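The opening position of the sequence shown corresponds to residue 66 in the working numbering, with each subsequent residue numbered one higher. Written out below as structure tokens is the structure these notes cover.
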Amino acid sequence: MSNGRFGEYGGQYIPETLMNEIINLEKQYELFKQDPGFQSELEDLLKNYAGRPSLLYYAKKMTKDLGGAKIYLKREDLNHTGSHKINNVLGQVLMAKKMGKTRVIAETGAGQHGVACATAAALLGLECEIYMGKEDTDRQALNVYRMELLGAKVHAVTSGTQTLKDAVNETMREWASRVYDTHYVLGSVMGPHPFPTIVRDFQAVISKEAREQILKYEGKLPAAVLACVGGGSNAMGMFYNFIDDKGVRLIGCEAAGLGIDTDKHAATITKGSHGVFHGMKSYFCQDADGQITPVYSISAGLDYPGIGPEHAYLNDTKRASYVPVTDEEAVEAFEYLARTEGIICAIESAHAVAYAKKLAPAMDPGESIIICLSGRGDKDVAAIARYRGVKIYE
66 MSNGRFGEYG GQYIPETLMN EIINLEKQYE LFKQDPGFQS ELEDLLKNYA
116 GRPSLLYYAK KMTKDLGGAK IYLKREDLNH TGSHKINNVL GQVLMAKKMG
166 KTRVIAETGA GQHGVACATA AALLGLECEI YMGKEDTDRQ ALNVYRMELL
216 GAKVHAVTSG TQTLKDAVNE TMREWASRVY DTHYVLGSVM GPHPFPTIVR
266 DFQAVISKEA REQILKYEGK LPAAVLACVG GGSNAMGMFY NFIDDKGVRL
316 IGCEAAGLGI DTDKHAATIT KGSHGVFHGM KSYFCQDADG QITPVYSISA
366 GLDYPGIGPE HAYLNDTKRA SYVPVTDEEA VEAFEYLART EGIICAIESA
416 HAVAYAKKLA PAMDPGESII ICLSGRGDKD VAAIARYRGV KIYE
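Following this line, the structure appears as structure tokens:
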């Protein structure tokens, strides 16, 4: 990677009003990366506040039921706030405070990033405002209330499809109007450089731990690691420290919604094409004129029309593969994991579990795979009930 690019992807496609702040952010991040004091403070927060290292759990019953490869679950759902998002947020909010910012803003889809951001802002004493599509505030009402309990102000975005794409638009507009005291805590490996690198580096703790843990348990590396992909932060964190291990397959699971042959999906690499949006060059779901098209997924966290530039590069270089998983497959996997292992995972993560159900039986019992459980599923229980036609009081 050089000049903020992964191959031809990435870059800084931003208005001039943000350029000085982006340049400053890149310089500050390079200093913090090499600052033992910053790294020590972040490590302490991750260990004593977020609860790292997260478990690498051997899913014994799932392994026996499916046959084939041993299945391990990287339990990011056990982190404080219930998802992998806290890893990146603690790093960025700590950085913002040391840069002299007094306010952080963030976008969120499923609400996991918003909750993590509100949590870190409360802990470190910064003002916090969250932008969320109106449709997502309705389907993730529990997380909206959690953010407000934590002291954040939540803005329901009513433009466009009222989902994550529109929340990102609104957050970028707000940042451009108030860079002097505000840091934009971008939640995935996307956006203009240096955000894809910053978020990747803070999330890489997932694969660093998983690599050490699987070597301890199995004495060898896994045959494959799997993670769900929207913007791609948990997947990049899960992949990063395995990229140089050529024998380890890296598999990202995209949201195929109602099917990739319909117009109701968010399978960006499977069905998308090259474009520029939200400050970066990558793959996007767009029409023949280059206009971003509406996307759909049962999962608010995967309901995004693009993917981080490093994922685009890993796809083109064949180092990682990206597969579509439908809503129905994800819901079945959500229910399967609950019944089999007693774990209610986020519907985002269930996309990776669904593909593992297809992959593991075809593999050798001497092999292992690791699935990143990016978050817990409390927020999705009501949505799953509605999907199945079950009436419950929320």
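All C-beta atoms in this analysis are idealised placements derived from N, C-alpha and C, irrespective of residue type, glycine included. Computed from a predicted model, the values in this text were never measured in an experiment.
Whether residue i touches residue j by CB criterion (7 Å)
i	j	result
H137	P374	In the sequence on display, residue 137 carries Tyr and not His. Contact: no.
S148	Q177	yes
F399	A415	yes
I334	Y378	no
S439	E172	no
G344	Y78	yes
D246	K166	yes
A332	E319	yes
L159	L107	yes
I436	A421	yes
G256	V222	no
Y452	V396	yes
CB-CB length for residue i against residue j, believed under 8 Å
i	j	result
V390	A321	6 Å
G297	T228	Actually they do not touch by this definition, with Cβ atoms about 17 Å apart.
From the options, residue whose alpha carbon lies closest to that of residue i
i	options	result
S362	A183, G116, G295 and D130	G295
T128	P101, D443, S433 and I457	S433
H330	L315, D310, V341 and Q351	Q351
G118	L251, E274 and K383	What sits at residue 118 in the sequence shown is Pro, not Gly. Here the closest residue by C-alpha is E274.
K92	V233, A187, E235 and T262	T262
D445	A292, G366 and K383	G366
C293	F307, F267 and S364	S364
E394	A206, L251 and E413	E413
A150	K135, C182, A161 and K126	The question names Ala, but residue 150 in the sequence shown is Lys. Comparing Cα-Cα distances from K150 to each of K135, C182, A161 and K126, the minimum goes to C182.
A161	D109, F97, G132 and Y196	F97
D429	A221, K139 and A288	A288
R238	D392, F267 and Y196	Y196
L110	Y401, G312, T184 and A447	T184
L90	K135, A134 and V250	V250
Residue i versus residue j: straight-line alpha-carbon distance, rounded
i	j	result
P259	G69	6 Å
E406	T146	21 Å
K346	L323	27 Å
M212	V219	7 Å
R314	L120	21 Å
D201	D231	11 Å
L191	G431	49 Å
K285	N234	44 Å
F342	D130	43 Å
D203	Q99	42 Å
G454	G179	29 Å
T358	H339	13 Å
M66	A450	Its pLDDT being 43, under 50, M66 is placed unreliably by the model, and the measurement read from it follows with that caveat. The alpha-carbon atoms of M66 and A450 are separated by roughly 44 Å.
A186	V169	7 Å
L214	D310	43 Å
Q473	Y122	Here the chain comprises residues numbered 66 to 459, so residue 473 is not present and cannot be evaluated.
V264	S272	14 Å
F307	A217	36 Å
G252	T236	11 Å
R276	K125	19 Å
F71	K456	47 Å
G442	F103	32 Å
I88	Y94	10 Å
A269	L291	14 Å
T327	V360	10 Å
K423	H248	42 Å
E86	C410	37 Å
H376	L188	32 Å
G337	S105	41 Å
T226	P101	44 Å
G302	G132	27 Å
Y401	A427	19 Å
A206	I325	28 Å
F304	F267	13 Å
I316	K139	15 Å
T382	D392	28 Å
I408	D354	44 Å
E194	G76	27 Å
N380	Y369	18 Å
A448	V254	26 Å
Original post:
Using 8 Å as the threshold, is the region 241-255 in touch with the region 79-90, meaning 3 or more CB pairs across them?
Top reply: yes
**OP:** Taking 8 Å as the threshold, find out whether the region 105-119 comes into contact with the region 153-171 through three or more Cβ pairs.
**Re:** yes
**OP:** Examine the Cβ distances between the region 271-286 and the region 415-426 and report whether three or more of them are shorter than 8 Å.
**Re:** no
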